[in-house]
Amino acid sequence: MSFKLFTLLVQASVWTIGISAISIAIGFLIAIGLSAALLSGRRAYRRPAEFFISFFRGVPLLVQLLLIYNLLPFIGLNVPSIVAAIIGMSLCTAAYQAENLRGGFESVPKGLVEAADMVGFSPRQVFVRIKVPIAMRLTFPALVNEAIMILKSSSLVSVVGIVEITRMAQDLASSTYMPIEIFSAAALIYLVICWSVALAGRYGERALPGAVK
Amino acid sequence: MIFDPNVILNHLPEIISGIGVTLALWIAGMAVGVALGFVVATARRYGGRVIDWPLGLAVEVLRGTPFLIQIFLAYYGGPFIGISLDPVPCGLMCLSIYAAAYYSEVFRAGYGAVPHGHVEAGECLGLNRFQIIRRILLPEMALIVLPPSVNLAVILLKESAVLSIITVPELTTTVSAIGSQEYAFLEAIFLLAVIYWVIVEAAARLGRLAETRLSTFRFAAS
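Each protein sequence line maps, in turn, to chains H and L. Read in numbering that gives the first Met the number 0, the first sequence has 153 at position 154, and its numbers run on one by one without any break. Read in numbering that gives the first Met the number 0, the second sequence has 43 at position 44, and its numbers run on one by one without any break.
Set out below in structure tokens:
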């Protein structure tokens with residue numbers, strides 16, 4: 000396989016990384032809202048959030064992407080397929096991230112919250128100073144895992160016509176008749192990306208305050 | 000979207016056969032994956048570094064690359080090295096190997112979670128390695144690995160939808176074909192999502208039921 004083909008794959012990986020990063024970020028923002036709804040005592044908030052999470056965790060991402068890709072034009076939103084892909088991936092990862100965040104907030108030690116209460120923190124201060132930092136610390140490994148899952152799942156956006164690594168590999172494989180070389184090279188690029196994220200995650204875990212050394 | 004139930008009713012036999020293929024691939028892939036995953040985890044535990052290292056690398060590669068790329072490699076690359084498989088056997092093979100990689104990690108964690116004292120107690124009683132696996136590690140592990148196994152089962156079911164891309168006649172392929180044929184693609188995809196959702200919810204509930212039933216034996220593992 001020529002160097003040129005490999006460069007094309009590496010260039011396409013910018014799309015894979017870009018779409019994944021944007022989806023993770025948007026998904027995180029949605030997940031904050033969802034986890035707040037899950038943790039609120041009110042049924043009226045909790046039920047819709049549970050419904051959302053159950054749906055997006057219960058349906059294959061491929062089907063979600065096809066659904067959103069076909070639904071958006073139907074409700075009168077003619078957006079480019081890249082937007083549909085990002086919406087689909089963001090909603091899916093939001094459901095997973097919301098569950099992580101809920102778990103994180105629930106496992107903030109009660110004693111710490113009580114101690115903050117005792118020394119006169121307002122509920123707002125308890126939330127900002129105690130609950131959020133500890134929950135973020137606890138959910139960090141799960142967030143890294145989710146980022147890796149999304150990087151791999153982003154290969155599915157090739158079906159709505161976005162030329163990221165997988166689609167580029169498909170195109171190259173059919174034009175060069177070298178599927179083994181091309182798809183192995185694509186796999187290698189995915190491996191390098193995923194391992195880099197995992198490595199960065201491990202480093203981040205040690206660098207974060209309150210790390211277990 | 001004007002939802003016409005006749006579209007579904009007319010194609011009911013095809014939809015049911017699609018569900019059947021998906022369930023069959025899922026269960027077969029899981030069965031092979033569990034068996035192979037257990038063999039891999041056991042070989043890595045007892046086989047020494049020479050076996051552990053290459054198997055570990057293979058597992059990492061399978062877990063670090065998208066399932067779609069693995070399918071493409073097998074389906075389009077296979078014929079170049081003399082392995083021409085039809086979509087169904089190729090899909091089943093890929094799903095099984097993918098499942099095995101993930102299950103081997105579940106079992107590896109399971110092995111690690113059994114208290115070492117129990118294994119030593121077995122050794123003191125004169126059990127051999129096979130007996131220790133069969134009588135001590137496996138029963139205790141079964142409880143520990145159940146929740147992650149159920150999780151993984153759900154992930155595999157959802158991953159099996161990707162097989163539609165190489166035209167395995169499973170649920171996604173069947174229902175989206177009906178959708179294009181009837182000019183009702185959106186309705187078809189919607190139906191597809193609902194069917195998957197129902198199967199996943201049912202599997203997850205079944206898993207939780209098994210967990211509560213088996214949790215009475217939990218004390219043995221603590």
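Using N, Cα and C, we set each Cβ at its ideal position, and we do this for glycine too.
>> Can you confirm whether residue 189(L), when its beta carbon is compared against all beta carbons of chain H, has any partner nearer than 9 angstroms?
In response: As a working note, residue 189(L) is residue 190 in the second sequence. By this cut-off, residue 189(L) is an interface position.
> Mapping DSSP to helix, strand and coil, what is residue 127(L)?
Replying inline: Residue 127(L) sits at position 128 when you count from the first residue of the second sequence. Here residue 127(L) sits in coil by DSSP.
> Where does residue 39(H) sit, in a helix, a strand or coil, going by DSSP?
Replying inline: Numbered from its first residue, the first sequence carries residue 39(H) at position 40. It is coil, neither helix nor strand.
> Interface residues of chain L around residue 194(H) at Cβ under 7 angstroms?
Replying inline: As a first step, residue 194(H) is located in the first sequence; it is residue number 195 there, counting from the start. Per Cβ cutoff of 7 angstroms: 63.
> Can you tell me the Cα-Cα spacing of residue 6(L) and residue 144(H), whole angstroms?
Replying inline: Residue numbering aside, residue 6(L) sits at position 7 when the second sequence is read from its first letter. Residue numbering aside, residue 144(H) sits at position 145 when the first sequence is read from its first letter. Answer to the nearest angstrom: the Cα atoms are 41 angstroms apart.
> How would you list, in chain order, the residues of chain L whose beta-carbon sits under 8 angstroms from the beta-carbon of residue 189(H)?
Replying inline: Residue 189(H) sits at position 190 when you count from the first residue of the first sequence. The answer, in chain order, is 63, 64, 65, 68.
> Are the Cβ atoms of residue 54(L) and residue 73(L) separated by less than 9 angstroms?
Replying inline: As a working note, residue 54(L) is residue 55 in the second sequence. As a working note, residue 73(L) is residue 74 in the second sequence. It is not a contact, given that the beta carbons lie outside the stated cut-off.
>> Closest to residue 94(H) by C-alpha separation, out of 149(H), 110(H), 181(H), would be which residue?
In response: Here residue 94(H) refers to the residue found at position 95 of the first sequence. Residue 149(H) is the option with its Cα nearest to residue 94(H).
> For residue 79(H), does the three-state DSSP call read helix, strand or coil?
Replying inline: Locating residue 79(H) in the first sequence gives position 80, counting from the first residue. Coil.
> Taking the alpha-carbon positions, what's the residue 59(L) to residue 85(L) distance?
Replying inline: For the purposes of this step, residue 59(L) is taken as the residue at position 60 of the second sequence. For the purposes of this step, residue 85(L) is taken as the residue at position 86 of the second sequence. Their Cα atoms are separated by approximately 27 angstroms.
>> Using only CA atoms, which one of 67(L), 178(L), 135(L) lies nearest to residue 11(L)?
In response: Along the second sequence, one-based indexing puts residue 11(L) at 12. Looking at the Cα atoms, 178(L) is the closest of the given residues.
> Can you tell me the Cα-Cα spacing of residue 208(L) and residue 75(H), whole angstroms?
Replying inline: Reading the second sequence from its first residue, position 209 is the one you call residue 208(L). Reading the first sequence from its first residue, position 76 is the one you call residue 75(H). Cα to Cα, residue 208(L) sits roughly 44 angstroms from residue 75(H).
>> DSSP three-state label for residue 82(L), please.
In response: Stepping through the second sequence from its first residue, residue 82(L) is reached at position 83. If DSSP states are grouped into helix, strand and coil, residue 82(L) belongs with coil.
> So residue 190(H) packs on residue 64(L), CB below 8 angstroms; how close in whole Å?
Replying inline: Counting from one through the first sequence, the residue named residue 190(H) turns up at place 191. Counting from one through the second sequence, the residue named residue 64(L) turns up at place 65. At roughly 6 angstroms, the Cβ-Cβ gap stays under 8 angstroms, so residue 190(H) and residue 64(L) are in contact.
> Expressed to the nearest angstrom, what Euclidean distance is found between the alpha-carbon atoms of residue 193(L) and residue 77(L)?
Replying inline: As a first step, residue 193(L) must be located in the second sequence, where it is residue number 194. As a first step, residue 77(L) must be located in the second sequence, where it is residue number 78. So the alpha carbons of these two residues sit roughly 34 angstroms apart.
> Going along the chain, which residues of the stretch 37-57 of chain H sit with their C-beta nearer than 9 angstroms to a C-beta in chain L?
Replying inline: 53, 54, 56, 57
>> Alpha carbons only, please: which of 119(L), 132(L), 116(L) is nearest the one belonging to residue 44(L)?
In response: On the second sequence, position 45 is the one that residue 44(L) refers to. Selected option, being the one with the closest Cα: 132(L).
>> For chain H, check one thing: does any of its Cβ atoms lie closer than 9 angstroms to the Cβ of residue 76(L)?
In response: Here residue 76(L) refers to the residue found at position 77 when the second sequence is read from its first residue. Yes, contact with chain H.
> Over what stretch of residues does the alpha helix (DSSP H) that includes residue 177(H) continue unbroken?
Replying inline: Taking the first sequence and counting its residues from 1, one reaches residue 177(H) at position 178. Segment: none, residue 177(H) is in no alpha helix (DSSP H) and carries neither H nor E.
> How many angstroms separate the CA atom of residue 26(H) from the CA atom of residue 130(L)?
Replying inline: Position 27 of the first sequence, counting from 1, holds the residue named residue 26(H). Position 131 of the second sequence, counting from 1, holds the residue named residue 130(L). Answer to the nearest angstrom: the Cα atoms are 48 angstroms apart.
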